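Worksheet for the structure shown next.
Encoded structure:
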């Protein structure tokens, strides 16, 4: 497995050194440590890490939030924020940049690794969907029927606007969560068994039960399309559903 590359942007050297120690211990490659936004931009341009861990409050003309916006827009590099601050205005600004997670100080190894793995996975899935299904996603968002896509292990990778309205979840809030937690398809199961073709529609117009974010149960009719690889293993699942 390719070593995951992480860059640190932190102006407190003791915090940066401790973070580097933890990351190295967990098996990540640290591509560099930057103390300012300008230094971070130069370093990311040179090293192209898989993830940047960014202190929200760094020194220099660019703060952490402005730097994160630039890195994602210019290099498509995801950023998770390091913060010890509960300032509402700062957190609202950070939220608007759609970060790939928050890491609270003081650092805790288990939660640190969880945020990192989810951030890298989420970004890779977004890149994959952007490359393969950019126009599909735009088309699906225009449908009045609800549409949810999930990967081979059942983690949700896409929800159109109709699905967000019906479930109460947003894609950002439910990304990577198990499809089975919101859609009960009974004995059919949310994921298909191994097949033998590259594309195969498994289920048409079956009854199911949707569980909303608020905990309500909604009767739905759903159609499931399974995308299988050349070896017959599941690659992706697409569920289209509406109220029964």
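Numbering (the numbering used here), first residue to last: 173 to 416. Even for Gly, the Cβ is constructed at its ideal location relative to N, Cα and C. Model, not experiment: these values are computed from the prediction.
Rounded to whole angstroms, what's the CA-CA distance from residue 209 to residue 226? Just pull it up for me. For residue 209 and residue 226, the distance between alpha carbons rounds to 9 angstroms.
Just the Cα atoms here: how many angstroms apart are residue 353 and residue 333? Between residue 353 and residue 333, the C-alpha separation is close to 19 angstroms.
Taking just the CA atoms, how far does residue 358 sit from residue 177? Going by the C-alpha atoms only, they are around 42 angstroms apart.
Less than 6 angstroms between C-beta atoms, sequence neighbours within five positions excluded: which residues of the same chain meet that for residue 256? Around residue 256: 277.
Beta carbon of residue 186 nearer than 8 angstroms to that of residue 237: Taking 8 angstroms as the Cβ cut-off, residue 186 and residue 237 do not qualify as a contacting pair.
Which complete beta strand (DSSP E) runs does the region 174-232 hold, if anything under 3 residues is left out? Within the region 174-232, the complete beta strand (DSSP E) runs of at least 3 residues are 177-181, 201-206 and 223-227.
Tell me, please, whether the region 212-223 touches the region 237-255 by the rule of three or more beta-carbon pairs shorter than 8 angstroms. The region 212-223 makes contact with the region 237-255: 3 or more CB pairs, one atom from each, lie closer than 8 angstroms.
Between the alpha carbons of residue 231 and residue 263, how many angstroms are there, rounded? When rounded, the separation of the alpha-carbon atoms in residue 231 and residue 263 is 18 angstroms.
Quick check: the Cα distance between residue 283 and residue 181, rounded to an integer number of angstroms? When rounded, the distance between both Cα atoms is 19 angstroms.
At which residues does the alpha helix (DSSP H) containing residue 333 begin and terminate? From DSSP, the alpha helix (DSSP H) with residue 333 extends over 333-339.
Check each candidate in 191, 385 and 376 and name the one with the smallest Cα separation from residue 413. Considering only alpha carbons, the answer is 376.
Would you call residue 345 buried or exposed, if buried means 16 or more other Cβ atoms sit within 10 Å of its Cβ? Its Cβ having fewer than 16 others within 10 Å, residue 345 is exposed.
Between 382, 343 and 196, which has its C-alpha nearest residue 285's C-alpha? For residue 285, the closest alpha carbon among the candidates 382, 343 and 196 is that of 196.
Given residue 288 as reference, the closest of 207, 200, 398 and 390 once Cα atoms are compared: Ranking the options by Cα distance to residue 288, first place goes to 200.
Kindly indicate which three-state DSSP category residue 275 falls into: helix, strand or coil? Strand, per DSSP.
Could you pull the DSSP bridge partners for residue 385 from this structure? Checking the DSSP bridge columns, you'll see residue 385 has no partner listed.
Give me the residue from 207, 247, 314 and 318 with the minimum Cα distance to residue 217. Among 207, 247, 314 and 318, the Cα nearest to that of residue 217 is on 247.
Given a threshold of 16 other Cβ atoms within 10 Å of its Cβ, counted over all protein chains shown, does residue 373 qualify as buried or as exposed? For residue 373, the predicted structure reports a pLDDT of 48, less than 50, and the residue's modelled location is therefore unreliable. The matter cannot be settled from this model.
Helix, strand or coil: which one does DSSP assign to residue 407? Of the three classes helix, strand and coil, the one that applies to residue 407 here is strand, per DSSP.
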